[in-house]
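In our numbering, the protein residues as written are 2 to 93.
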């Protein structure tokens with residue numbers, strides 16, 4: 002598993018939030034659409050190059066009840082997947 006320290010959302014990707022706290026990411030360059038659950042939206046909004054995966058995890062546990070300890074691995078995997086798809090990248 003690749004560890005992502007600080008990721009940044011691709012600025013050309015559009016976030017469309019739905020009424021039920023779910024959202025869609027749309028990459029106009031590739032036409033790819035990617036669905037996000039409410040936790041995915043929470044994470045996406047923190048991909049600004051300033052937050053580490055650990056920062057995001059700590060915010061998550063401070064705002065939500067019963068966050069599993071393995072969630073930090075899930076966050077890292079999610080951010081890695083976004084990066085592989087070109088929806089996010091590494092801050093240089």
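Cβ coordinates follow ideal geometry from the N, Cα and C atoms, glycine included. Predicted model only: the values in this text are computed from it and were never measured.
query                                                                                                                                                             : result
So the candidates are 64, 88, 53, 91; which of them puts its Cα closest to the Cα of residue 74?                                                                  : 53
Is the CB-CB distance between residue 50 and residue 9 below 7 Å?                                                                                                 : yes
Can the beta-carbon of residue 39 be found closer than 7 Å to that of residue 56?                                                                                 : no
Leaving out five residues on either side along the sequence, give the residues of the same chain with a beta carbon under 7 Å from the beta carbon of residue 30. : 13
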